[in-house]
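A.B. asks: Protein sequence lines correspond, in order, to chains A and B.
For what it's worth, my numbering labels the leading residue of the first sequence as 1, then goes sequentially.
For what it's worth, my numbering labels the leading residue of the second sequence as 1001, then goes sequentially.
Here it is: the structure, laid out below.
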Amino acid sequence: MTELTDLGVAGIRDGVRDGSFTAREVADAFIVKVSQAKALNAFLVETPEHAIAAATAADTAREAGETLKPLAGVPIGMKDLFCTKGVATTAASHILEGFTPTYESTVSQNLWDAGAGMLGKLNMDQFAMGSSNETSAFGNVISPWKRNDGGNASLAPGGSSGGSSSAVAARLCPGATGTDTGGSIRQPAAFTGISGIKPTYGRCSRWGTIAFASSLDQAGPMARDVKDCAILLEAMAGFDAKDGTSLQLDVPKWEAGLSANLNGLRVGIPKEYRVDGMPEEIEALWQQGIDWLKDAGATIVEVSLPHTKYALPAYYIIAPAEASSNLARYDGVRYGIRDLPTGAGLQDMYAATRADGFGPEVKRRIMIGTYVLSAGFYDAYYTQAQKVRTLIARDFEKAWETCDVLLTPTAPSAAFALGEKSADPIAMYLNDVFTVPSSLAGLPAMSVPGGLDKQGLPLGLQIIGKPLDEQGVLNAGLAIEQRAGFTARPEAWW
Amino acid sequence: MSDYRIQGETGEWEVVVGLEVHAQVTSNAKLFSGAATAFGAEPNTQVSLVDAAMPGMLPVPNRECIRQAVRTGMAIEAQINKWSRFDRKNYFYADLPQGYQISQLYHPIVGEGAIDISLDEKNPDATGKRIGVERIHVEQDAGKLMHDQHPTQSYVDLNRSGVALMEIVSKPDLASPAETGAYLRKLRSILRYVGSCDGNMEEGSMRADVNVSVRKPGDELGTRTETKNVNSVRFVMAVVEQEAKRQVEVLEAGGKIVQETRLYDPDRNETRSMRSKEDAHDYRYFPDPDLLPLVLDDAFLAECRASLPELPDAKRARYEALGIAPYQATVLTAEVEAARWFDALLDAGVKPAAAANWTTSELFGALNRTGRDIGNSPVSPAQAAELLGLIADGTLSGSLAKQVFEVMLETGDGAAKVVEDRGLKQTSDTGAIEAVIAEVMAANADKVADYRGGKDKLFGFFVGQTMKAMGGKANPAVVNELLKTALGESVAS
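Right, here's the structure in full:
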């Protein structure tokens, strides 16, 4: 019989509903897996009691003959960017050590309301700034995947949602929340052979999610297949009056709308995404993806997104600018750590607290952001970057005249080894080259696994959709998933 | 044009003043959170998660605060911007939990408008002047540091953190302490009429940053200084006077005015440098990415306009058209509470001119004497209307009315009841009056003889004796007439 922990979200939900097993059995199985996987460093906090309470509630409801909630019996992992009431929340930063929210983020509350339980808080890049998880103040998450070269190099699980990707890929939880500012759901999903979707900006409330770059941050699910992503996203999304940028729209029935029949769908291939030095295997996978979508009934059109090359520089102005302001509240006055040297005044306390509390990458982005917003530089950097952002959004709008979704690689490489890129921030930033444009335009986009490279590591394909067309993105993802037949999984070494 | 000049050693100087007034918006909740805003609450009892800038918290604009800013803009006939946007002003301070203030630098909600002031509010014929308003924007207030709670540490009270302020920025159109004072009083009056700010400067609901520069008449604008957070009309006027004087002294001594922020010390009546432009903050303003642009639709604007009350200038014009003296019309409309009280009195059907006379002399005099303001007047407009009615129909003489009013002030009773209880009704009963006149004449036969002998001035004596004998309740006109007849008849006989 299949291990319970090999089941995905839908499998667990359906099995609990039809009585194949109890929610408690599921929770217990995952709790054991989590406790045995310390070597991955995916969890910052384990909350078995939370998962058990939700499981018990599901089992009790079933025994009482009640209709079960959409996620009854499904235990998940929660990225540590989401504030969870009574459970330590740090955004993987030393500056928030000791902080326990008295409130629950809207996205996590929505999941609990849908019956899900929490296995724990997932490690991540500090304040979601990073593409490898190496910026966490609590040690980097390690990917469950290994290269097949006989070496034992520890690989990056991607970032910033690296705890989420690692935990889902290692079967420590059937699904997890992620957040995506410039690719933080899609790139780690691609690196670990799982699926993840960033919905249209405004679909998921940002209330109670620790902010990195407000105009870009979006929550989304990470799971092992497209259907599980659809199920989780339905629970996470929804209008929230507490977030002024939340979309006042009903949540579509994405799971019910899933269809891999792409007859009539026009798939755009943006020529600007063929970047120099991209590995042949990624080129090949991209072509394979094109063929799969054709096979599913889609027609392929080449499109141009001429401002693509400006997306990354614009992103690395806008996101740090917003971050430099968003992170000003971590000042040692009200919560988190406080360094107050003897005889120090207020300014000294700020300096000492922030110098000690923030990691190097966070400091780098605060400094970049402060610089680009400074008098005399604002117009040259920030204003200019906003213009680029508008042009990039216009590129997409123009593309939608001839196509319905876009297909691209998710990342320009497979997972790299920890330490390989951490000395060169620019090389690290380049990892976001394919994911950042759709973030700047606020578009829904997802990564699905396409295959393995010659080192045996997963590669992902990205589908980008029109605003609010998560369904189109999910359906194209499903068509690829069905044809890719991706069943590879990491061997347990942890 | 103001003729205010500073006499320096090198000649005359003009002063140029602009005010940035911070007015706390009247609203039960803060600008971006649901927390309460009452004054004087225990520290940190009116603080939401948003106001304390807890991780992950987001601002959501409070519709009522936006509405009040729009109504204020409409009251000064300003341009209302249907599209405006919030910006972040970034700086670190312990009373600023977010590390930035949400304000509106680039696209304020209200554009240019104007306020008409009178250069002498006591003189209805004085020249008026139109003071331009550059803009009104809405922004968050900061918290408050308390330095007196601990020997080495400071405490923070976040009750004010996030409270909505309107910043009302005048053009540099003010040219004297008196104009500045008149502008501030007029602005406060308008805010109170509109109900968008209580204008209470002692409680900090309204405070002004005073920009002052001086120049020789006809010269270009001089370098200005900004004196921050001045919290009374008197102090604002003092700042203009002292700062202009100081600048003239500096300039005439060959010095230069530096653009800087100053503080006013009321104890020493002087301004002091706080920080110069060189160490001014770089606020790194940028559009707040947590907030979408604020877009006002026509229905919202129509509701704002429809909800505006009659404003002081319009009300004064209406009063004057009703035959009320211009000075009285000015006095009655200066404060919204008085105007509301008086409107209620007019609604009760009294004669406007007489009512204005009585209100500005009798009522305001009594309130002054007893140290009350109109808001807690012991006499309601309905009671006053009753009293005025009794005067108009001859039931009460002027002096009897004063007596009745005194009793009303003490007891809170209505005029008719006082008249009834105390028998203060004026009598026009000619028989009774004639009988008393006969007695008075009999008791003063010598004076009757003197009067009849040509001492006309004694007439007043007989009036007084008759009134006294009747306890002041006789109708003076009837007494006069009957006395003339009685004293004259005898002559004829």
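Heads up, the beta-carbon is just placed ideally off N, CA and C, and yes, glycines get one too.
Just so we're clear, the structure is a prediction, and the values are computed from it rather than from any experiment.
Give the straight-line distance between the Cα atoms of VAL251/A and GLU234/A, rounded to the nearest whole angstrom.
C.D. replies: Between the alpha carbons of VAL251/A and GLU234/A lies a gap of roughly 6 Å.
A.B. asks: In chain A, what lies closer than 8 Å to TYR1100/B by C-beta?
C.D. replies: SER325 and ALA328
A.B. asks: If the cut is a Cβ gap below 9 Å, which residues of chain B does ILE210/A touch?
C.D. replies: PRO1055 and GLY1056
A.B. asks: Applying the 10 Å Cβ sphere with the 16-neighbour rule, what's the burial state of LEU440/A?
C.D. replies: buried
A.B. asks: Whose Cβ in chain A lies nearer than 9 Å to the Cβ of PRO1531/B?
C.D. replies: No statement about residue 1531/B is possible, as the shown extent of chain B runs from 1001 to 1493 and does not include it.
A.B. asks: Taking CB distances under 8 Å as the criterion, tell me whether ASN1090/B reaches chain A.
C.D. replies: yes
A.B. asks: Quick check on TRP112/A - is its C-beta less than 8 Å from some C-beta in chain B?
C.D. replies: By the rule that beta-carbons nearer than 8 Å mark a contact, TRP112/A does not touch chain B.
A.B. asks: So, helix, strand or coil for LEU459/A, using DSSP?
C.D. replies: In the three-state DSSP reduction, LEU459/A falls in the strand class (E or B).
A.B. asks: Taking only beta-carbon atoms, is PHE1300/B less than 8 Å away from chain A?
C.D. replies: no
A.B. asks: State the start and end residues of the unbroken beta strand (DSSP E) segment that holds ALA54/A.
C.D. replies: Careful: ALA54/A lies outside any beta strand (DSSP E), inside the alpha helix (DSSP H) at 48–63.
A.B. asks: Can you find a CB in chain A that lies within less than 8 Å of the CB of LEU1291/B?
C.D. replies: yes
A.B. asks: Give a yes or no on whether 8 Å exceeds the smallest Cβ distance from ASP125/A to chain B.
C.D. replies: no
A.B. asks: Using a Cβ cut-off of 9 Å, pull out every chain A residue sitting near PRO1059/B, in sequence order please.
C.D. replies: GLY244
A.B. asks: Give me the DSSP bridge partner(s) of THR408/A.
C.D. replies: Answer is GLN462/A.
A.B. asks: Checking contacts by CB at 8 Å: is ASP1282/B closer than that to chain A?
C.D. replies: yes
A.B. asks: Work out the CA separation of ALA445/A and THR496/A for me, nearest whole Å.
C.D. replies: As displayed, chain A neither begins before 1 nor continues past 494, which places residue 496/A out of reach and without an answer.
A.B. asks: Could you check whether the Cβ of LEU1049/B sits closer than 8 Å to any Cβ belonging to chain A?
C.D. replies: Judged by the 8 Å Cβ criterion, LEU1049/B is in contact with chain A.
A.B. asks: In this structure, how does DSSP classify LEU119/A when only helix, strand and coil are distinguished?
C.D. replies: strand
A.B. asks: Does any residue of chain A bring its CB to less than 8 Å from the CB of ALA1035/B?
C.D. replies: No, no contact with chain A.
A.B. asks: Using 8 Å as the limit for Cβ to Cβ distance, is TRP534/A near chain B?
C.D. replies: Because chain A here runs from 1 to 494, residue 534/A falls outside it and cannot be looked at.
A.B. asks: Give me the chain B residues within the contact set of GLU322/A, using Cβ-Cβ distance strictly less than 7 Å, ordered along the chain.
C.D. replies: Listed along chain B are PRO1289, each with a C-beta nearer than 7 Å to that of GLU322/A.
A.B. asks: For ILE337/A, does the three-state DSSP call read helix, strand or coil?
C.D. replies: coil
A.B. asks: Give me the subset of the stretch 346–357 of chain A whose CB atoms are less than 7 Å from a CB atom of chain E, sorted by chain position.
C.D. replies: Among the protein chains of the structure shown, namely A and B, there is no chain E.
A.B. asks: Going by the DSSP bridge assignment, what does ASP1209/B pair with across the sheet?
C.D. replies: GLU1020/B
A.B. asks: In the DSSP assignment, find the unbroken alpha helix (DSSP H) run with ASP225/A in it and report its ends.
C.D. replies: Judged by DSSP secondary structure, ASP225/A falls outside any alpha helix (DSSP H); it is assigned neither H nor E.
A.B. asks: Quick check: the stretch 44–61 of chain A against the stretch 1016–1024 of chain B, are at least 3 beta-carbon pairs closer than 8 Å?
C.D. replies: no
A.B. asks: Consider the Cβ of ALA1052/B: report whether some Cβ of chain A lies at a distance smaller than 8 Å.
C.D. replies: At least one CB atom of chain A sits nearer than 8 Å to the CB of ALA1052/B.
A.B. asks: When the cut-off is 8 Å and only beta carbons count, does ALA1041/B lie next to chain A?
C.D. replies: no
A.B. asks: Do three or more CB pairs link the stretch 361–374 of chain A to the stretch 320–332 of chain A at distances below 8 Å?
C.D. replies: yes
A.B. asks: Based on Cα-Cα distance, which residue from GLY264/A, GLY460/A and ALA57/A lies nearest to GLY472/A?
C.D. replies: If we check each option's Cα against that of GLY472/A, GLY264/A comes out closest.
A.B. asks: Relative to the C-alpha of ALA61/A, which residue among ASN123/A, VAL34/A and GLY19/A is closest?
C.D. replies: GLY19/A
A.B. asks: Please name the residue or residues paired with ILE269/A in a DSSP beta bridge.
C.D. replies: GLU302/A
A.B. asks: Quick check: the Cα distance between LEU1345/B and PRO1381/B, rounded to an integer number of angstroms?
C.D. replies: In this structure, the CA atom of LEU1345/B is about 5 Å from the CA atom of PRO1381/B.
A.B. asks: Run down chain A in chain order and give the residues with a C-beta less than 9 Å from the C-beta of VAL1156/B.
C.D. replies: VAL1156/B reaches chain A at VAL333 and ARG334, counting residues in chain order whose Cβ is nearer than 9 Å.
A.B. asks: Between ALA1094/B and chain A, is the shortest Cβ-Cβ distance under 8 Å, so that the two count as touching?
C.D. replies: yes
A.B. asks: Could you say which of MET129/A, ALA189/A and GLY268/A lies nearest to LYS398/A if we only look at CA atoms?
C.D. replies: GLY268/A
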